[in-house]
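Colleague: Before I ask anything, here is the structure I am working with.
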Amino acid sequence: MPSNLQPNDLAAYILDALAQKLPDLKDRQATLARLLGLSPNAVYKKLRGFSALSVGEVALIARHFGISIDAFVLHTHGFVPAAYPPLLGRSVGPRHFMESLRAYVNMARQAPNARLWYATSEIPVFHYFYFRELTAFKLFMWQKVSWQSTPGYVPVNLSALVSDDYIDDLRREIAEGYNHIYSTEFWPRHLLENTLQQLEHMKAISPVEDRKLLEPIAGQLRSLVRHQSAMATTGRKHLPGAADQGNAPFELYYNEIAHTGNTFLLESDAGFQVFTTFDNPNHLVIQNEDFCRRTHQWFGQLARLGNPVSHGSEKNRGAFFQFLEDHLDGRQTGLSS
643 MPSNLQPNDL AAYILDALAQ KLPDLKDRQA TLARLLGLSP NAVYKKLRGF
693 SALSVGEVAL IARHFGISID AFVLHTHGFV PAAYPPLLGR SVGPRHFMES
743 LRAYVNMARQ APNARLWYAT SEIPVFHYFY FRELTAFKLF MWQKVSWQST
793 PGYVPVNLSA LVSDDYIDDL RREIAEGYNH IYSTEFWPRH LLENTLQQLE
843 HMKAISPVED RKLLEPIAGQ LRSLVRHQSA MATTGRKHLP GAADQGNAPF
893 ELYYNEIAHT GNTFLLESDA GFQVFTTFDN PNHLVIQNED FCRRTHQWFG
943 QLARLGNPVS HGSEKNRGAF FQFLEDHLDG RQTGLSS
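Per the numbering used here, the very first residue in the sequence shown carries number 643; after that it's consecutive.
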């Protein structure tokens, strides 16, 4: 701890970070009472500074709510603490990934005046979840690339993922939740390339029964492109086949300048959070205020330099989505069984 800071400073930091996560005082008081096993009155005194949090209570609150003590201790300029879920002792795998993503989406929906900024080099992760087989395929590929290296992990075969109704319920919840979050997104023209290459690879090496499971995906990719075009046209998100049920605003830019991976910035009245992929779909979670504000500025620069695709930008929109459809047409031979 820096020499000019006292133990009470850490408690104040923890309580301030908690207030960002739980803005409502009564909700915060009730939640802490349950967590610490104290009466509401005792918790009220701690929240108001009339009595001190113990070291154990500080540690318990930080651990339970994912508040980084490193961010308090490490004040060295340029060092940004980040959480990396695979190192937090959490389980990995398709169901766990979907459950954690649902939790993130629900958190974003509850944040006051939430807005998602999203720069991606491939199909936005939430868009896979518009289709059952496409979701299962991407989970299978993420498992193959990222999760199988985890000690004790047991792979799930593609047919089990396709037929898993619980995963299908989760992907519907995630898609619906995403549709209720205002987002500004930046996509490149090679949006489909990673998924198309994965699909061609799996068709080449998979047994016949798995190749049959892959057959619907090429058609779903085309349906996805047309659905994305429809959302860009209206400037509103909606589920496939439900264009008259517009939800949150959807702003889309064609990003031809900045090469990116997958970076999310959740902005709300409660603060900022940055999610950036490392070992996709695993990700780093960063709450450092300076880093988040710099990321916000970066997104603003992307918006100034990008070509708008949504709303009235008919020419840009037509050219962008026609390119994606033409790209699909050019890959049909490789996608055929």
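For every residue, glycine included, the Cβ atom is placed at its ideal position computed from N, Cα and C. Bear in mind that the values here come from a model prediction, so they are computed numbers and not experimental data.
Going by the beta-carbon positions, is the gap between ILE823 and ALA761 smaller than 7 Å?
Modeller: Residue 823 sits at position 181 when you count from the first residue of the sequence shown. Residue 761 sits at position 119 when you count from the first residue of the sequence shown. Result no, Cβ atoms of ILE823 and ALA761 do not sit closer than 7 Å.
Colleague: For ILE899, I'd like the list of residues in its chain whose CB is within less than 7 Å of its CB, leaving aside the five on either flank, ordered along the chain.
Modeller: Here residue 899 is taken as the residue at index 257 of the sequence shown, counted from 1. Cβ within range, chain order: LEU947.
Colleague: Tell me the start and end of each unbroken alpha helix (DSSP H) in the region 730–806 that is at least 4 residues and wholly inside, in chain order.
Modeller: Whole alpha helix (DSSP H) segments, 4+ residues: 736–752, 767–770, 774–784, 800–805.
Colleague: Under 8 Å: do the region 904–911 and the region 843–857 share three or more Cβ pairs, one atom per stretch?
Modeller: No: fewer than three Cβ pairs fall under 8 Å.
Colleague: What does the Cβ neighbour count give for PHE962, buried or exposed, with the cut at 16 atoms within 10 Å?
Modeller: Along the sequence shown, read from residue 1 onward, the residue named residue 962 stands at position 320. Label assigned to PHE962: buried.
Colleague: Spatial neighbours of LEU664 within its chain, please: CB distance less than 7 Å, with the 5 preceding and 5 following residues excluded, ordered by chain position.
Modeller: Translated into positions along the sequence shown, residue 664 becomes position 22. These residues qualify, in order along the chain: ARG670, THR673.
Colleague: Counting C-beta neighbours from all protein chains within 10 Å, is the total for PHE941 16 or more, i.e. buried, or is it exposed?
Modeller: If you number the sequence shown from 1, residue 941 lands on position 299. Under this definition PHE941 is a buried residue.
Colleague: Under 7 Å between C-beta atoms, does ASN748 make it to chain D?
Modeller: Of the protein chains in the structure, only one exists, and it is not chain D.
Colleague: Taking the alpha helix (DSSP H) that PHE965 belongs to, which residues open and close that run?
Modeller: Sequence index remark: in the sequence shown, residue 965 carries index 323 (1-based). Its alpha helix (DSSP H) spans residues 956–972.
Colleague: From the DSSP output, which residues share a beta bridge with GLU909?
Modeller: Counted from its first residue, the sequence shown places residue 909 at position 267. Paired residue(s): ARG757, PHE914.
Colleague: Around the Cβ of ASP651, are there at least 16 other Cβ atoms within 10 angstroms (buried) or fewer (exposed)?
Modeller: Counted from its first residue, the sequence shown places residue 651 at position 9. Classification of ASP651: exposed, given that the 10 Å Cβ count is below 16.
Colleague: Okay, do the region 724–743 and the region 806–815 touch, 3+ Cβ pairs below 8 Å being the bar?
Modeller: Result yes; three or more Cβ-Cβ pairs closer than 8 Å.
Colleague: Determine the direct distance from the alpha carbon of LEU907 to that of ASP932, and round the result to whole angstroms.
Modeller: Counted from its first residue, the sequence shown places residue 932 at position 290. Counted from its first residue, the sequence shown places residue 907 at position 265. Looking at the two C-alpha atoms, the distance is approximately 13 Å.
Colleague: In angstroms, rounded to a whole number, what distance separates the CA positions of TYR686 and PHE692?
Modeller: Sequence index remark: in the sequence shown, residue 686 carries index 44 (1-based). Sequence index remark: in the sequence shown, residue 692 carries index 50 (1-based). If you take the alpha carbons of TYR686 and PHE692, they lie about 8 Å apart.
Colleague: Applying the 10 Å Cβ sphere with the 16-neighbour rule, what's the burial state of PHE828?
Modeller: Numbered from its first residue, the sequence shown carries residue 828 at position 186. It counts as buried.
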